[in-house]
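In this note's numbering, the protein residues as written are 142 to 387.
From the three backbone atoms N, C-alpha and C, an ideal C-beta is built for every residue, glycine too.
Predicted model, so just to flag it, every value in this text is computed and none were measured.
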Amino acid sequence: MIELINVSKTYDNGLNYSVRDISLQLADGETFVLIGSSGSGKTTILKMLNRLISPSGGEIYIDGKNIRELDKVKLRRSMGYVFQGVGLFPNMNISENISLIMKLGDAKKKLCRDKSAELLETVNLEPGKYLDRFPCELSGGEQQRVGVARALVNNPKYLLMDEPFGALDAINRDALQEELIRLRDRLNTTIVFVTHDILEAKKLGDQIAVMHSGELMQVGSFDELSTCPSNNFVKRLIESAQQSQL
Ligand SMILES: Nc1ncnc2c1ncn2[C@@H]1O[C@H](COP(=O)(O)OP(=O)(O)O)[C@@H](O)[C@H]1O
Ligand SMILES: [Mg+2]
C-alpha cells in the first residue's frame, strides 16, 4: 500500500506550489490514475513516490515504511518507472535498454539478454526481431512497449507510468491499454498511471484522483466522480468523457 499524508512540493519557499497538501491511499493490486491538465502536479507526485523529487512537506509511506528512511537507489529500482516520452537510450540496442538496471547490478550478459527476451514476449514483441535493434528503428508504439518492458525488469510490485500512451495514435493507444489490463491481471502489479485523458482514466482506473493547479479536487471511482462530483471542475471533466462517447 502507498500512503501520502499532507504532501506538498514548492520550489520557491511556498510562493507557488507544484503540489499542495495531498493525502491519498493506494491499495495493493489497484490501478490508481492521476488525471489533470498540464502543470497540475501529476509528474511531481509520481516522482516523489520513488524519491526522484523530495517533498517540501508531508510524508509518504510504502508498505508501512516512511520512504525517507529507505535507501534511495533500492527504492527506485524496486519500482518500475515508465517515463513521460519513453526515454529510451538511443545509443543502446533494445536488449541493453531493457536490462540496463540488471547490468548496473552486475548481472551477466546472457542473463540480461534472456530477461530482455522474456520481457519483450510479455509486451508482445518478437524477441528475435527486436533485441538487437536500436530505438530509432522502432515505431512509437513499439518504443512505448519497450518502455513498459524496461520498467518490469525487476518484477516490481509497483509500476509508475507517466502518460505512457500520450503520444500514440488512437488505435495503438487502445491496443496498449488492453495489453496493460491483461498484464496487470497476470502480474498483479499495483499501477500508478498518469494521464490527461479522461477516457483512458475511465478505462484503466479503479480509482481516479483529479488534480488541478497542484491541488487534489476529488478521488474515487469513475462512477463515484460521475454521480457525486465535488465541484464544477470534476463535473466538466466527467461531462467531457460522456460527450466524447456519444
Ligand atoms: N524543477 C522545477 N522548478 C520549478 N517549478 C517546477 C519544477 N518542476 C516542475 N515545476 C512546476 O510544477 C508544476 C507541476 O509540474 P508537473 O508535475 O510536471 O505537472 P504535470 O505533470 O501535471 O504536467 C508546474 O507548474 C511546473 O512548472
Ligand atoms: Mg507531467
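Item to check | Inter-residue Cα distance where the pair is LEU272 and ALA258 | outcome: For the purposes of this step, residue 272 is taken as residue 131 along the sequence shown, with counting starting at 1. For the purposes of this step, residue 258 is taken as residue 117 along the sequence shown, with counting starting at 1. Taking the straight line from one Cα to the other gives about 7 Å.
Item to check | Spatial neighbours of GLY198 in its chain, beta-carbon cut-off 6 Å, leaving aside the 5 residues before and after | outcome: Residue 198 sits at position 57 when you count from the first residue of the sequence shown. Once the five neighbours on either side are set aside, the close Cβ partners of GLY198 are SER149.
Checklist entry - Going by the beta-carbon positions, is the gap between LEU216 and ILE239 smaller than 8 Å? => result Position 75 of the sequence shown holds residue 216. Position 98 of the sequence shown holds residue 239. In this structure, ILE239 does not lie closer than 8 Å to LEU216 by Cβ.
Item to check | C-alpha distance - GLN166 paired with LEU300, whole-angstrom precision | outcome: For this step, residue 166 is matched to residue 25 along the sequence shown. For this step, residue 300 is matched to residue 159 along the sequence shown. Taking the straight line joining both Cα atoms gives about 15 Å.
Checklist entry - Expressed to the nearest angstrom, what Euclidean distance is found between the alpha-carbon atoms of LYS298 and CYS253? => result Mapped onto the sequence shown, residue 298 falls at position 157. Mapped onto the sequence shown, residue 253 falls at position 112. So the alpha carbons of these two residues sit roughly 20 Å apart.
Item to check | Three-state secondary structure assigned by DSSP to ILE194 | outcome: Residue numbering aside, residue 194 sits at position 53 when the sequence shown is read from its first letter. In the structure shown, ILE194 sits in coil (DSSP, three-state: anything other than H, G, I, E or B).
Next on the checklist: When you compare the region 302 to 314 with the region 219 to 227, are there three or more beta-carbon pairs, one atom per stretch, that lie closer than 8 Å?
Outcome noted: yes
Next on the checklist: Between ASP303 and ligand 2, is there a pair consisting of the residue's CB and a ligand heavy atom that are separated by less than 7 Å?
Outcome noted: Taking the sequence shown and counting its residues from 1, one reaches residue 303 at position 162. Result yes, Cβ under 7 Å from ligand 2.
Checklist entry - In its own chain, which residues sit with a C-beta less than 7 Å from the C-beta of LYS183, not counting the 5 before and 5 after it? => result Position 42 of the sequence shown, counted from the start, is the residue given in the question as residue 183. Taken in chain order, the residues that qualify are LEU175, GLY177, VAL335 and MET352.
Checklist entry - In the structure shown, what three-state DSSP assignment does GLY226 receive? => result Here residue 226 refers to the residue found at position 85 of the sequence shown. DSSP places GLY226 in coil when its eight states are reduced to three.
Checklist entry - What beta strand (DSSP E) runs, 3 residues minimum, are completely inside the region 260 to 310? => result 299 to 303
Item to check | Coarse secondary structure for THR151, derived from DSSP in three states | outcome: For this step, residue 151 is matched to residue 10 along the sequence shown. In the structure shown, THR151 sits in coil (DSSP, three-state: anything other than H, G, I, E or B).
Next on the checklist: If I measure Cβ to Cβ from ASN265 and keep anything under 8 Å in the same chain, skipping five residues before and after, which residues do I get?
Outcome noted: Residue numbering aside, residue 265 sits at position 124 when the sequence shown is read from its first letter. Within the same chain, ASN265 has close Cβ partners ARG286 and GLU320.
Checklist entry - By the 10 Å Cβ neighbour count, where 16 or more other Cβ atoms means buried, how is GLU341 classified, buried or exposed? => result Against the sequence shown, residue 341 aligns to sequence position 200. Buried, since its Cβ has 16 or more Cβ neighbours within 10 Å.
Item to check | Environment of ligand 1 in chain order, Cβ to heavy atom below 6 Å | outcome: TYR152, SER159, GLY177, SER179, GLY180, SER181, GLY182, LYS183, THR184 and THR185
Checklist entry - Would the beta-carbon of GLN285 be found less than 7 Å away from any heavy atom of ligand 2? => result Here residue 285 refers to the residue found at position 144 when the sequence shown is read from its first residue. No, the beta carbon of GLN285 sits no closer than 7 Å to any heavy atom of ligand 2.
Checklist entry - Start and end of the alpha helix (DSSP H) containing ILE163? => result The count along the sequence shown starts at 1 and reaches residue 163 at position 22. Segment 160 to 167 is the beta strand (DSSP E) holding ILE163; no alpha helix (DSSP H) there.
Item to check | C-alpha gap between GLU214 and ASN295, whole angstroms | outcome: On the sequence shown, residue 214 is found 73 positions in, with the first residue counted as 1. On the sequence shown, residue 295 is found 154 positions in, with the first residue counted as 1. A small correction: the amino acid at residue 214 is Val; Glu does not occupy that position in the sequence shown. Using only the alpha carbons, I get a separation of about 13 Å.
Item to check | Segment limits, alpha helix (DSSP H) that includes GLN383 | outcome: To locate residue 383, count along the sequence shown from 1; it is residue 242. It spans 373 to 385 - the alpha helix (DSSP H) in which GLN383 sits, taken as one unbroken run.
Item to check | Where LYS206 falls: helix, strand or coil (DSSP) | outcome: Against the sequence shown, residue 206 aligns to sequence position 65. Looking at LYS206 - three-state DSSP - the assignment turns out to be strand.
Checklist entry - Does DSSP put MET233 in a helix, in a strand, or in coil? => result Within the sequence shown, residue 233 is the residue found at index 92, counting from 1. The answer is coil: DSSP assigns MET233 none of H, G, I, E or B.
Checklist entry - In terms of residues, what are the limits of the beta strand (DSSP E) holding GLU171? => result For the purposes of this step, residue 171 is identified with residue 30 of the sequence shown, where counting begins at 1. That residue, GLU171, is in no beta strand (DSSP E); it is neither H nor E in DSSP.
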